Each structure stands twice: as structure tokens, then as C-alpha cells.
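Here the structure is laid out as C-alpha cells; the discussion comes afterwards.
There are 4 protein chains.
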Amino acid sequence: MKTLLERIIADCKHYTSQGHVATYIPELANVSPDKLGIYVSMNNGNEYSAGDCESSFTMQSVVKPLILLLALMDSGIDAVRDLVGVEATGKPFDAFNYSDQALTGAHINPMINTGAIALCTLIHGTSYHDRFSRLMELTRKLADNQNLDVDYSVYQSEKMTGNKNRALAYMLTAYGMITDPVEEILDCYFKACSISVNCKDLANIAHIFANHGIHPITGERQFPAEYAKYVNATLATCGMYDGSGEFALTVGFPAKSGVGGGIMAVIPHKMGIGVFAPALDKHGNSVAGVQALAMLSHELELSIY
Amino acid sequence: MKTLLERIIADCKHYTSQGHVATYIPELANVSPDKLGIYVSMNNGNEYSAGDCESSFTMQSVVKPLILLLALMDSGIDAVRDLVGVEATGKPFDAFNYSDQALTGAHINPMINTGAIALCTLIHGTSYHDRFSRLMELTRKLADNQNLDVDYSVYQSEKMTGNKNRALAYMLTAYGMITDPVEEILDCYFKACSISVNCKDLANIAHIFANHGIHPITGERQFPAEYAKYVNATLATCGMYDGSGEFALTVGFPAKSGVGGGIMAVIPHKMGIGVFAPALDKHGNSVAGVQALAMLSHELELSIY
Amino acid sequence: MKTLLERIIADCKHYTSQGHVATYIPELANVSPDKLGIYVSMNNGNEYSAGDCESSFTMQSVVKPLILLLALMDSGIDAVRDLVGVEATGKPFDAFNYSDQALTGAHINPMINTGAIALCTLIHGTSYHDRFSRLMELTRKLADNQNLDVDYSVYQSEKMTGNKNRALAYMLTAYGMITDPVEEILDCYFKACSISVNCKDLANIAHIFANHGIHPITGERQFPAEYAKYVNATLATCGMYDGSGEFALTVGFPAKSGVGGGIMAVIPHKMGIGVFAPALDKHGNSVAGVQALAMLSHELELSIY
Amino acid sequence: MKTLLERIIADCKHYTSQGHVATYIPELANVSPDKLGIYVSMNNGNEYSAGDCESSFTMQSVVKPLILLLALMDSGIDAVRDLVGVEATGKPFDAFNYSDQALTGAHINPMINTGAIALCTLIHGTSYHDRFSRLMELTRKLADNQNLDVDYSVYQSEKMTGNKNRALAYMLTAYGMITDPVEEILDCYFKACSISVNCKDLANIAHIFANHGIHPITGERQFPAEYAKYVNATLATCGMYDGSGEFALTVGFPAKSGVGGGIMAVIPHKMGIGVFAPALDKHGNSVAGVQALAMLSHELELSIY
């Protein structure tokens, strides 16, 4: 397995020269584009890694499944489902998606910005500072890493430049879908996107989704199985932006990418995987990361379809 | 003429029971829907009126031609044209109109909210307080009424509930079309929409647009003729929201309506007209106001087509 | 006047090198792009011309106002208005414009393909051959030119390549807006687009619209005044494709362009104008033709706004 | 298992009174809406059924995976992928989906009408009659039922009323995506939609997709495993129209529904399922059929996520 991962890293390395790192804030633009790392946490407790798996990067959209999970844990399936739909939108992650002047939950889903921002309001807490702290704690717990924290310079930049997210949040407000102060909600969202992780952290988190909420090693249930299925199914249909259909065909398991270059992949009953390679394709997915997952899926027959 | 106007008021009065007054803020919802007034300022100096022409109401979108005019006066045609297009959008006045994630001036025009908000940034002033003061002064001057002022309770309500406009303004920011602080720009815009006027004020303003910038009585030029044509042409194609084409057919001259129930109509070389009737059709145009203008146009053959 | 027109042709000649002739069929692609002609028919009976005003070209979309007129004459305003709306769509002339799977008259207008195709069904006749003959006769009569005829090679090419129009017509059928056989309706429409005219023909037709249905020389009424206003108002808001707003600002009177390079312009109460220059801008409007009309409008103060 | 299926039929029977049978052609409208049947073909060769599993119905969109499969078998993955994309469109199955006047493969997928029509052109054959015969043969072979045939009265009705599909096909032609005669392609497509099957037929076909192309009983390979994965992944992301995301959450395996009331479901490595209940929800999916699959998925833990 270790050998396989190293071969995959070697074979996919040249894909790091394809695509482009995100440039909308300097912190992302300055990442060296040739990194590629992978980490696999198997349900039997074995762990394998190769390449730049120690490099840290910000979660960005990879945090969306965790926002969805905590909203489910705090407010339950009905409240989540009422607020935010589950259909693929056929549009980019930051698109204004609405028709005939009506914006409803049916137009959005938890894996696009509008949906994730709305779901922050279903996380419990006395303040948005508090809500974010609970999300941070959950992330640390699932990643088995108490040292996880926000990259504050990324967070500051996100906050400064995040006007499209402000527009989306005020649109949610205008249609009565959220009522809390926009800047407070966005502060929570921007911090969440700025949590710094590495491949191992993502693999560990994915690991528990793969095992339907039970920690594979300790056997401790972290959250109900039906929440894991909710998240995994959502990742399978919408996790890779506008490339979700292609990813289902060529790789074939639930996964979530972020513009920081990370991908968290869930192979139900089998393993969690974290990959990192910062150069992105036009959809915002890591080019080399997708290729590495495709190769791994092919070699180990991991497609669920 | 006086007799004609009174007959029009009598004949069109029953239309005030059609349509609905705007309800998004209490100040607009509480207006009595059966009012109907009309005021005509002719180029030869004669003035005629009938019905509830003393009732005051807030300008709302009727202020858009004045924002456009002041932007033209302060920044010139090229700057205005570069920032905000002139084509009808085929969508409601507060629609998010953009394609393929690109928002450009070609997607908006000065008679929809996005365009009017953007044009506030082309009004000169040391602050947005100052810019609004200059717009207020211009409005008073053109209306020949130094007593005009903001209806502060409407303004407060607009500001409190104006989240869709916030969304539109942050979208403009996200695409680099405006750079000033959103809340300051919107404060100017909300105040402008809340200027309280009556039919005479609108007729007087329209009067000068009809006379291509020259005050018909004093002979004093208020602004260049080409700015009048710019505004009048824009009103003709986009002034009555999604009912602009219908209005061109059935009435046939440039006009601008607002959800406060006012309509300002410009008959080039002939007269300015102000009408007021607060019940609106589905496009946001005053039902009885449009009917009164249609009847007047028919009787006096005012169509420019 | 003659001198003015010759100066305009000279000054605008260089615009013929901007833009591109239509290329979707060989007959249009083979036109020499440097032609520029203008013809003016004034209400007092005077006629002036300059440049390539004898060159013939196919009407293409310039025939749309005539289809609208004949539909009005045969079926009346209510039937026309019920079938086809009047608002600008904010989309290209051959766009699929519908929302939420519902296509209604509100989504289309007489100056876009879908609307013009639908209006062919409101022209009377025992067959579509007969309907077209009546349209041909009307065109000859208004143009004062019994020699007008279809350019059959253009017609054959249009018919062969017109699959987007077939798609639009079947969409109209699917939504119950038309019920006659699609190929028969399209045969009438393709023939209409292929009528061959020159600048004088267009000026003569426009002339009568300018005079609200009465032939300016003979004094004979050709059609009711209200139909002229219906057509002229529609031209003012939608006649120049997605450039109608811009044209209203910079030129300022009703006009209809076609991809054959012709423009027919109506200056109410004053004159009709025909221009021809085959190189088109991105909206499908003749570049040099628009410039010539802008210059003429400026020199003679022809803007109606 | 037999007992479980009977309990599911009993428990879900009341859902047949929800939703509405398709009414666009009389043959579909006349179906009795209270039918409910289910058939399960397991990989170990066992078969179980309950309810109205002998009732026949037309495949309608359930034939789309077979059109996709035969296009893959005849023309290969690259040709299929080049012509027709794989992303969910976020729009109804018969929507016009295109942007900025450009229609490309990226706008469509094999599970919407436009995509399926296009894929008919990648099936081999000397004529479209021949192409359909080959599709018919494949369907019979996979269903293990040589008696399968077209319901000719449904086919005639589809052909008569299928103007929206004609519009979609001419749009594909206009954008150069298909070049064969539209009526011939559509004849093949309408016949394919009109193939009459029962629950057992669907279960048998699904069975082979579940076993990645190998007949579970005979062990004979019918098509390459990668084609099965291509089809199954496409069903998982787009198989249930605009309800695909919801279906992934609540049921959790690849499936394809049709407006005839049938659903074919694939549980990889385990079983194929056919259900039938003609009353449809707003997306066009069988209400009781989806509920029956949800209950079965829950009882047997069949979700792949």
C-alpha cells in the first residue's frame, strides 16, 4: 500500500504543473504549486502516506461537510432539510441561483457557498464566536488533532475580500432564509474556511464518515449513522463543484474539494483519504489530487458504482 | 385642459381599486389606495391640475432619472456609459442579472436598482452625506420647491429592510464595479428614494427634461440638452420596469414610475406631467396613474411614435 | 440635404471596414462589405439619396415590422397582443427565452424570431403560400415598387440552414402557441426574410409608418394610425436587437435592422429613411448604417426624445 | 425477503393516491393510478416479487441508460463523453439548457432528453430503423425476455405530440451536435421510450448493471465493467431528474425513473430492482415507487453512501 501510494505520487506529480493555484487572496496565491501529498486512514487502523502529506493548507470548502454535520447534530435532519436543499444546481459554487425572484432552499445545497452560509445559523451557540468554537472543537475531535487552528492571515484576507459571500448572505436575508446579522454569520464562515489542516487531518475526518460515525479504532460513536449517510450522499452528488458528475465516473466515491488544494474522500466501510495539491482546474478542484484519487480508485477498485 | 384633467380623474378613479399598494415597509402599506392626482406643467408656462395633486409621497424609483442626471453632470457621459449600460434587461427592477459569473455594465441600466446604486458613486462630494445633499439640492431646484425633504420614517424603514439592495451592492463590489463602502452608498440611495414630493414637483422636474434642460419660464439652462436626451431615451426604453414596452404602445412617451405610486412623464418640447395613485400593478407601476396618462395621451395625441 | 447626405456617406465610409458581414449562408457572406447607401423620403414629397442606394439586399429582420403590420391588419390588436408580448427580452434575437418551463407571449416580442414566426399564423390566407403572397403584395404596395420579389437563392439557403428557427417554432408548438405545420409557417417566414429590396424601398415603407398609415403624396390611408404607432413603438424599444437602448440614446428614433445590412428608420411626422451597409456589429446591426443615422439625427435634430 | 416485499407493498400502497399519472398522451393518462409492484433479482440468482409486478408499462426515460450503454458499446467512452457531458444540470429533464447562445456537451447529460436524443446518433446501424432494432435486441437480451416489444399506440402518440423533443433536436442540429435527419433520430427515440416492460424486466436489466456487465447466473459478460460503472455513476448523480439529490439521501443507490411509472434500481454487487407505480411527483418520479425503494433500502441497508 505504501509502495502504491508512492508510485501514485510519482506518476501524478507532473499534473501539479497543470491548473492554477487560487489567486483571489495573496495567502493562497503564494503557495508553491508543485506539492502533492496523500494520506490514507483505513478502517482496520492502518495508516499510509506519501508525498507532501505534512504540508498544511486551509480547508476552504472542505469544511462544508463539517458545517453540515454540526448543523445536523445541533438542529436535526428536518431543520437542515427545510433550510437547504440537496439537488445539484448545475452552476458554480458561488453563483447567484434563483428563479423568478424567488430564492428557496430548493435552489441551494450544503456544498455551495449560499447553502453553507445558511447552515451556520443552525449551529448552536450563544454567539457566532461560540458557534465557531464548537465547529473548531468538532473538527479537532474528528481529526484527532487538538492543535488544529485558524490561519489568521487567510481569515483576515477572506474577510476583507469576501464581498460575493456578503452579497449571497444579504440575498439569503432578503428572502427571509436567515435572520442573524450577516457580518457575524460570515465571520464564523470565513474562520471555518480558514482552518489549517494537512492530509492526515482530512483522512482522519473522512475515516469517521466512512465508518458511519463510529471511530474505527476506539469504536466510539461520534454522531448518528444517518448523518454520515446524509453527508456522504451530498458529497457524492455535489462535492466536487461542477465536476461532481465527472468525478463520479472517473473516481467513484464521495469527496469534497476546496480551493486551498485539499480533497477529503470517503470510501464507505473502507477508508478515509486526504490529498493535497494546490493547482486547480477550472471547476476549482485540485488537478493532481483528482488524478491521484482516480489512480488509487482504479488500483484498489474503490468505486462504489 | 382643466376640464379634461378633471374628466380623466373621474374616469380613471375606479382603477384605484385595482392593484395593490406596496407593502414591504409599513409607511408605504398605510397609504390610502384610492388617491389619484395629476399635474401638468406646459412649456408655455401654463399649469393645470386635478384630483389629489397635493398629496405627498416618496419618489422611490422616480428619483433614478435624477441620480442619472447628476452622475452625468458630475462625471460626464463617458464615465456614466462605461459604468452602467442602457439596454432593457427583460427582468424585474431588483433582479440579479448576470451571466456566467460575470457582471458587467452591459447587464444593468440606470433605471434598475443595481444601476442606480452604481451611479451614486459618480455623483461628486466629499462624503456620501455631501453627495446626497447635492442630489437633494438639484431636486429642489428642478422642482422649484425649496421645501422638499426626505421622509425620514420611510428612509429608516428602507434602510432597515433593504437587504436585497445590500446584496446587489455587494455584488457590484465583488465584481469591482464600485469600491466605496456599501453602507455609505446605500445610505445615499435610500435617502434619495425617500424624498417626499407631490404631483406638481414631478411635473416641474419633468418639464425641464421636456425642454431639454432649459427652464421653460426663466429660460435658464439647468443642464446640457444631451443629458436630457440621455435621460429621456432611457426612460422611453426602461422607465416603466417590465411594462416599458406596453407603456410605449399604449401611452407613448418617456416616463418613470416608483413604488410610492408616482409617475413622472416627459413629453419632449411640450410638457411635464406628475401623476400619483398608490395602487400598483404586478410590474410596480401605478394602475390608475398609467390609465390617466393613457387617456391624456389619447386626447391630446401626445405619443411620440 | 443632398449635400448633407453625401457628406455623411463620405464621413461614415470608413465604418464599413468595421464589423463583419453575416456568414451563416454563402449568399450573405459574399456581399462586398464596403458598400454604404442612404435614401430619405420626406413627408413633403422630397426625396434625397447618396451612396450605394441602388444596391439590393434581402430584408431579413427588417421584414418583421411588416409581418407585425399585416398581422394587425388581418387579426387586430387584441389577437396580436394576446399572442406576442411587447417587452424587450434582454436577450439576443434568436435566443430561447422562457422560464420555469413555461413559454408565454410575455417572453417574446414581434422583433425577435420567435415572435415574428408566431405572428405569421395571424396573417390571413388559405395557405401559407397565400399568406406570403399577401405579405409580398403589401410590401410592394408600401414600397411603391411592383418589381419587388424574393431572392430565391437566399430563401433556399435560409430554409436549408434554419434549424434554430425550426427549434424555436417547435417550441412554440410544444407550448400551444402555434398549431399550423411548422415547415409551412417557416416557409412563409424564410421567404419573407429573403425579399430583396434597396434603400429607396425601405425609405418608402418607413415613410408611411412615419405618416401614421397615410401615403404622404397620394394622401391615401394604407392602414389605421394606431397600427403605425404600435409598430413604431415596438421598433423604438426592440427594433435594434440588444442595441436598442444604445440606439435610442445616440440616434433617437424608431428603426429596424436586419442581418442583410439594411436599416429602416421612421421619424414620425417627418420622414422615412433606408440605409444599407452590410458589415454588422456584435448585435447584428449595420455599423456604418447606425453611424450614418446618428450623424443625420444629430445634424437635423431628429431625436424624438 | 418475499414477506418483506409484501409488507413494503402493503405499507406503501397508500402512496399511490399521492401524485398524478402523466397525462400528456391518453395512453399514459388512462393507467389506473393505484398499481404498485416490485421485483428483485439478486446476484445469487434468487428472485422475489410482490404486488402488481406483472403489469406492463412503457419504459419512457428508463430506456435512457440503455441508449447510453449501446452508445458506449458501439462508439466507446471518448465519443460518448465528447458529445454529451455528465454533470447534473439543475434543470428539468426537458429544459432548454444553454447559455450565451452556445450549446455544448457540457450543458447536457445522458439522462435528460437532449442528451439521450444526441446519443441515438452514436448507436451503430445502417438506418435509424436498424439502430432501434439493435437497441430493442439489447433490451430483450438484458431483460432475458424475447417477447419485449414497442407499445405502438404509445409510440404513435409520442410521435404526434413530441414537439418539445423536436425543438430540442433542432437545437442540437443548429449547434452542429447532430447531423442526421431529426425525424429519423426522433423516431428511434420515441420507439425506445415506448418499449413495454414489467418490473421483472427492469430488475433483470438492473441486475447486470449491478454485476458490472456479467450475467449473474450464466456468468456471461454482456458488456465491459467500465461501461456499467459509467452508467451507474450517471444514474447516481442524474437518474432521478431534479430529485436525484434527495433520492441519494433517502434511498442511496443508482436508479432511473420514467414518466410511465417505472423505476430501475441498481445496487452494485448485490441486486437489480424493478418497481412500478404510475402516480408521479412533481419531478416525474413514481411516488409510491420511491417510497418502496426507500423502505427496502432502509430494511436491508442498501445505501452505498
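Chains as they are written, first to last, in the working numbering: chain A, 112 to 416; chain B, 112 to 416; chain C, 112 to 416; chain D, 112 to 416.
In this text, a Cβ means the ideal position worked out from N, Cα and C, and glycines have one as well.
Computed from a predicted model, the values in this text were never measured in an experiment.
Query - heavy atom of the ligand MN below 7 Å from threonine 134 of chain B C-beta - result: Annotation note on the ligand MN: not contained in the displayed structure, which lists no ligands.
Query raised in the report: Using a Cβ-Cβ cut-off of 6 Å (strictly less than) and excluding sequence neighbours within five positions of serine 408 of chain C, which residues of its own chain qualify?
Result: Closer than 6 Å at the Cβ level, and outside the excluded window around serine 408 of chain C, lie Val362, Gly363, Ser414.
Query raised in the report: Taking contact to mean at least 3 C-beta pairs separated by less than 8 Å, is the region 310-324 of chain D in contact with the region 348-360 of chain D?
Result: These segments do not touch.
Query raised in the report: Do three or more CB pairs link the region 260-271 of chain D to the region 288-302 of chain D at distances below 8 Å?
Result: Yes: at least three Cβ pairs fall under 8 Å.
Report task. Output the distance between the C-alpha atoms of glycine 350 of chain B and lysine 367 of chain A, rounded to the nearest integer angstrom. Result -> Rounded to the nearest angstrom, the gap between the Cα atoms of glycine 350 of chain B and lysine 367 of chain A is 46 Å.
Requested in this report: Quick one: using the 10 Å Cβ neighbour count with 16 as the cut-off for buried, is threonine 215 of chain C buried or exposed?
Outcome: So threonine 215 of chain C ends up on the exposed side.
Report task. Spatial neighbours of leucine 440 of chain B within its chain, please: CB distance less than 7 Å, with the 5 preceding and 5 following residues excluded, ordered by chain position. Result -> The structure shown does not extend to residue 440 of chain B, since chain B spans only 112 to 416, so no value can be given for it.
Requested in this report: Can you tell me which of the three DSSP states lysine 367 of chain C falls into?
Outcome: The answer is strand: DSSP assigns lysine 367 of chain C an E or B state.
Query - Cut-off 7 Å between Cβ atoms - residues of its own chain near methionine 406 of chain D, not counting five sequence neighbours on either side - result: Excluding positions up to five away in sequence, the list reads Ile119, Asp122, Cys123.
Report task. Excluding the 5 residues preceding and the 5 following threonine 290 of chain B in the sequence, name in chain order all residues of the same chain whose CB lies nearer than 6 Å to its CB. Result -> Closer than 6 Å at Cβ, skipping near neighbours: no residue.
Requested in this report: Give the C-beta separation of valine 370 of chain B and leucine 346 of chain B to the nearest angstrom, bearing in mind that I take them to be a contact with Cβ-Cβ under 8 Å.
Outcome: That belief does not hold up - the Cβ atoms of valine 370 of chain B and leucine 346 of chain B are roughly 16 Å apart, past 8 Å.
Report task. Note down the Cα distance separating arginine 332 of chain C from isoleucine 325 of chain C, rounded to an integer number of angstroms. Result -> Arginine 332 of chain C and isoleucine 325 of chain C have their C-alpha atoms roughly 4 Å apart.
**Report entry** Burial state of lysine 113 of chain D (16 or more Cβ within 10 Å)
**Finding:** By the Cβ-count criterion, lysine 113 of chain D is exposed, with fewer than 16 other Cβ atoms from all chains shown falling within 10 Å of its own Cβ.
Report task. Hey, could you find the ends of the alpha helix (DSSP H) methionine 382 of chain D is sitting in? Result -> Run containing methionine 382 of chain D: none in the alpha helix (DSSP H); it sits in the beta strand (DSSP E), 382-387.
Query raised in the report: Name the chain D residues whose beta carbon is nearer than 9 Å to that of proline 365 of chain A?
Result: Ordered by position in chain D, the residues that pass the 9 Å Cβ test against proline 365 of chain A are Tyr416.
Requested in this report: Mind checking the region 276-304 of chain A against chain D and listing, in chain order, the residues whose C-beta falls within less than 8 Å of any C-beta there?
Outcome: Residues of the region 276-304 of chain A that bring their beta carbon within less than 8 Å of a beta carbon in chain D are absent altogether.
Query raised in the report: Three-state secondary structure (DSSP) at aspartate 312 of chain A?
Result: Reduced to three states, the DSSP call for aspartate 312 of chain A is helix.
Report task. Compute the Euclidean distance between the alpha carbons of valine 398 of chain B and methionine 382 of chain B, then round it to the nearest angstrom. Result -> For valine 398 of chain B and methionine 382 of chain B, the distance between alpha carbons rounds to 22 Å.
**Report entry** 7 Å Cβ cut-off: residues of chain B touching asparagine 274 of chain A
**Finding:** Within chain B, the residues near asparagine 274 of chain A are Tyr281, Thr284, Ala285.
Query raised in the report: Relative to the C-alpha of aspartate 185 of chain C, which residue among C/Gly130, C/Gly156, C/Leu249, C/His125 is closest?
Result: Minimum Cα distance to aspartate 185 of chain C is reached at C/Leu249.
Query raised in the report: Hey, is tyrosine 341 of chain A's beta-carbon within less than 8 Å of any beta-carbon in chain D?
Result: It does; some Cβ of chain D falls within 8 Å.
Query - asparagine 396 of chain C, buried or exposed, once every other Cβ within 10 Å from all chains shown has been counted against 16 - result: Counting other Cβ atoms within 10 Å of its Cβ, asparagine 396 of chain C reaches 16 or more and is therefore classed as buried.
Query - Spatially closest choice to valine 132 of chain A from A/Ser264, A/Ala285, A/Ala182, A/Gly400, by CA coordinates - result: Between valine 132 of chain A and the set A/Ser264, A/Ala285, A/Ala182, A/Gly400, the nearest pair of CA atoms involves A/Gly400.
Query - Straight-line Cα distance separating leucine 279 of chain D from threonine 329 of chain D - result: Answer to the nearest angstrom: the Cα atoms are 41 Å apart.
**Report entry** Simplified DSSP state of valine 362 of chain D, which is helix, strand or coil
**Finding:** Valine 362 of chain D carries a coil assignment under DSSP once its states are collapsed to helix, strand and coil.
Query raised in the report: Can you name, in chain order, every residue of its own chain whose Cβ lies under 7 Å from the Cβ of aspartate 193 of chain B, other than the five neighbours on each side?
Result: Closer than 7 Å at Cβ, skipping near neighbours: Gly216.
Query raised in the report: In terms of DSSP beta bridges, what is tyrosine 159 of chain C paired with?
Result: Answer is C/Val151, bridged to tyrosine 159 of chain C.
Query raised in the report: Does cysteine 349 of chain B come within less than 8 Å of chain C when only Cβ atoms are used?
Result: With 8 Å as the cut-off, cysteine 349 of chain B counts as an interface residue toward chain C.
Query raised in the report: Any C-beta of chain A sitting closer than 8 Å to the C-beta of alanine 405 of chain D?
Result: For alanine 405 of chain D, no CB of chain A lies under 8 Å from its own CB, so it is not counted at the interface with that chain.
Query raised in the report: Closest Cβ-Cβ distance between alanine 344 of chain C and chain B: below 8 Å?
Result: Yes, because at least one Cβ of chain B sits closer than 8 Å to the Cβ of alanine 344 of chain C.
Query raised in the report: How about asparagine 154 of chain A and asparagine 256 of chain A: are their beta carbons less than 8 Å apart?
Result: The Cβ atoms of asparagine 154 of chain A and asparagine 256 of chain A lie no closer than 8 Å to each other.
**Report entry** Assigned secondary structure, phenylalanine 435 of chain C (DSSP; H/G/I helix, E/B strand, else coil)
**Finding:** The requested residue 435 of chain C is not part of the displayed model; chain C covers only 112 to 416.
**Report entry** Burial state of alanine 140 of chain A, where buried means 16 or more other Cβ atoms lie within 10 Å
**Finding:** Answer is exposed; the Cβ neighbour count stays below 16.
Query raised in the report: Who are the neighbours of glycine 356 of chain B on chain G, taking C-beta pairs under 8 Å?
Result: No chain G is present in this structure, whose protein chains are A, B, C and D.
**Report entry** Residues of the region 368-395 of chain D with Cβ closer than 7 Å to any Cβ of chain A, in chain order
**Finding:** Hits within the stretch, in order: Pro379.
Query - Straight-line gap, glutamate 412 of chain A to leucine 360 of chain A (C-alpha atoms, nearest Å) - result: Those two C-alpha atoms are separated by around 13 Å.
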